[in-house]
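*Asks:* Sharing a structure here in structure tokens format.
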Amino acid sequence: MKKSIITLSLAAILGFGSATVGLPLEKASAANKLNDLNSQKDKINQQRSGVESKITDTDKKINENQGEQQSVQSEIERLDKAISDALAKIEEKNGQIAETKKEIEKLEAEIKVLVERIKKRNELLKDRARNYQETGGMVSYIDVLMGAQSFGDFVERVGAVATIVEADQDILKAHQADKDELEKKQTQVKEELASLEKMRAELESMKKSLNAQKAEKDKLLASLKHEEEEMHAHKLELAEENEILAAQEAAIQKAIKLEQERQAEAARQAELARQKAAQEAAKKSSSSSAGSSSSSDSGSSSSPQIAPPSVSSGAWTKPAAGRLSSGFGGRSLGEHYGVDIAAGGTVPIVAAADGVVIRSYYSSSYGNAIFIAHSVGGQTYTTVYAHMRSRSVGSGQTVSKGQQIGIMGNTGQSYGQHLHFELHRGSWNAAKSNAINPVGIVPL
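Residue numbers for the sequence shown follow our numbering, so the first one is 45 and each next one is one higher.
Okay, structure coming up:
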């Protein structure tokens, strides 16, 4: 008997009703509750499959992204090597240009000497030409020969004239050779310098092009890394969503089991009541005077740390004392899928209705948060309590309406101490498509 009372009390804590035993209405209500719970379980299972598929797709995209990053990184390494090679060649050409310029400086000194030599020869040749004009050219050589006083003198004069003529021819040949050499050296050095400078310009252009390509690859790699970071963040969000859905599924499975146990206990109690009624009827028929009486009383009370709002009658109660600082719906910061209750000091937070804790954890956005599954009037609901300073219940725990579950705080993405409270008709999902305005349902 004690066990049956405990089972009935646990069912009452879960909020699955304690309707009058044996009535057809109670049977219909119990069937509706189980149908709704099973329906919600199926929906959550489908949502989990969808989320797991998204996680798999995200993993695939991350692997593809990493493969692309590796390819880009290999290309960057190739470009770095090409740039280093181009720089080495530019340095080599700079050295060759420097050496060529030194040769040009040396050649310019030699050219100076050649120019001076040519200048002197030009002066000498001009003198010769002037003498030719003045003396009549070859006629003067004949006069020299004819003026010989003896044969020996004539021979000497012939040798002298031949030497002078040969010397003049040598001067002319040397003069022409120096001119040719000068032009050849000048052309050769200029061509070599122009070729080196052209090669250097081509290498500089190549280096510029390679640097531009590397800059593009660096930009692409940075973009891919940013994209990978976003995909990892998205995967974490999906993983968190999947964990919440899994917790919801487990909580609803527990609720289904408890509801089945409650119904079985209710049927057993109904059978006992029927048997007792039959026994009483039998006694009354066999005895003219008989009587019996029985009574039972049970109650429970809890004393919160600091006075929370008084527990309301009905299925729902206010989750925390304080003022409604922000309502449900659109606002400047975006869509608000719940309401905010703000208050100063140490403010206890209580369960808005009987239920099972889906998840009690710390979230980067919600801060310290608790999700609770409820079944009210054959309809499944989920409540969310966010930004708490601390939590006092764990995942899978059953809670009763008005039971303290934590302390109001300012954790996660929050601005000032308050409770962010959400109400979902059905299960919670990342899109929050089941979120409804709790005002008018929960006494706020």
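By construction, the Cβ of each residue, glycine as well, lies at the ideal position given by its N, Cα and C atoms.
Span of the beta strand (DSSP E) holding V486?
*Replies:* It is not in any beta strand (DSSP E) - V486 carries neither H nor E in the DSSP assignment.
*Asks:* Taking the alpha-carbon of K137 as reference, which of E241, E379, Q447 has the nearest alpha-carbon?
*Replies:* Out of E241, E379, Q447, E241 has the C-alpha closest to the C-alpha of K137.
*Asks:* Taking 7 Å as the cut-off, decide whether the C-beta atoms of P487 and V383 are in contact.
*Replies:* Contact: no.
*Asks:* In whole angstroms, what separates the C-alpha of G484 from that of Y425?
*Replies:* Roughly 15 Å between the two C-alpha positions.
*Asks:* Using DSSP with H/G/I as helix, E/B as strand and the rest coil, what is V437?
*Replies:* V437 falls in the coil class under three-state DSSP.
*Asks:* Helix or strand or just coil, what does DSSP make of A396?
*Replies:* Correct three-state label for A396: coil.
*Asks:* Given this structure, state the Cα-to-Cα distance separating G422 from G460, to the nearest angstrom.
*Replies:* In a straight line, the C-alpha of G422 is about 37 Å away from that of G460.
*Asks:* What three-state label does DSSP hand Q423 in the structure shown?
*Replies:* Of the three classes helix, strand and coil, the one that applies to Q423 here is strand, per DSSP.
*Asks:* Does the separation of the CB atoms of E154 and K261 fall below 7 Å?
*Replies:* No, the pair does not count as a contact, with Cβ atoms beyond the cut-off.
*Asks:* Assign F372 to one of three DSSP states: helix, strand, or coil.
*Replies:* If DSSP states are grouped into helix, strand and coil, F372 belongs with coil.
*Asks:* Between the alpha carbons of D101 and E285, how many angstroms are there, rounded?
*Replies:* Their backbone Cα atoms lie some 15 Å apart in a straight line.
*Asks:* In whole angstroms, what separates the C-alpha of T390 from that of I451?
*Replies:* Each residue's Cα considered, the two are about 7 Å apart.
*Asks:* According to DSSP, simplified to helix, strand and coil, what is V401?
*Replies:* The answer is strand: DSSP assigns V401 an E or B state.
*Asks:* Report the option in R433, T455, G446, T427 whose CA atom is closest to the CA atom of L467.
*Replies:* That would be T427, whose Cα lies nearest to the Cα of L467.
*Asks:* Determine whether the beta carbon atoms of Y381 and A299 lie at a separation below 7 Å.
*Replies:* No. Outside cutoff.
*Asks:* Does DSSP put S336 in a helix, a strand or coil?
*Replies:* At S336, the pLDDT of 33 sits below 50, so the modelled position is not reliable and the matter cannot be decided from this model.
*Asks:* With burial defined as no fewer than 16 other Cβ atoms inside 10 Å of the residue's Cβ, what is the status of H276: buried or exposed?
*Replies:* H276 should be labelled exposed.
*Asks:* Can the beta-carbon of S407 be found closer than 7 Å to that of A386?
*Replies:* Contact flag unset, no.
*Asks:* Count the C-beta pairs between the segment 303–314 and the segment 127–135 that are closer than 8 Å, then say yes if the count reaches three, no if not.
*Replies:* No, they do not touch.
*Asks:* Please classify G438: is it buried, with 16 or more other beta-carbons within 10 angstroms of its beta-carbon, or exposed?
*Replies:* Looking at its Cβ environment, which holds fewer than 16 other Cβ atoms inside 10 Å, G438 is exposed.
*Asks:* Assign G446 to buried or exposed, taking buried as 16 or more other Cβ atoms, counted over all protein chains shown, within 10 Å of its Cβ.
*Replies:* Classification of G446: buried, given that the 10 Å Cβ count is 16 or more.
*Asks:* For E285, is the beta carbon positioned less than 6 Å from some heavy atom of the ligand NAP?
*Replies:* You won't find the ligand NAP in this model; it holds no ligand whatsoever.
*Asks:* So what's L280 in DSSP terms, helix, strand or just coil?
*Replies:* In the structure shown, L280 sits in a helix (DSSP, three-state: H, G or I).
*Asks:* Under the three-state reduction of DSSP, which class applies to N412: helix, strand or coil?
*Replies:* Reduced to three states, the DSSP call for N412 is strand.
*Asks:* Between which two residues does the beta strand (DSSP E) holding H380 run?
*Replies:* Element bounds for H380: 378–380.
*Asks:* With DSSP as the reference, label V183 as helix, strand or coil.
*Replies:* For V183, the pLDDT reaches just 46, beneath the cut-off of 50, and the residue's location in the model is therefore unreliable, leaving the point undetermined.
*Asks:* Under a three-way DSSP split, which group does Q448 fall into?
*Replies:* The answer is strand: DSSP assigns Q448 an E or B state.
*Asks:* Would you kindly work out how many angstroms separate the C-alpha atoms of N454 and I402, rounded to a whole number?
*Replies:* Approximately 22 Å between the Cα atoms of the pair.
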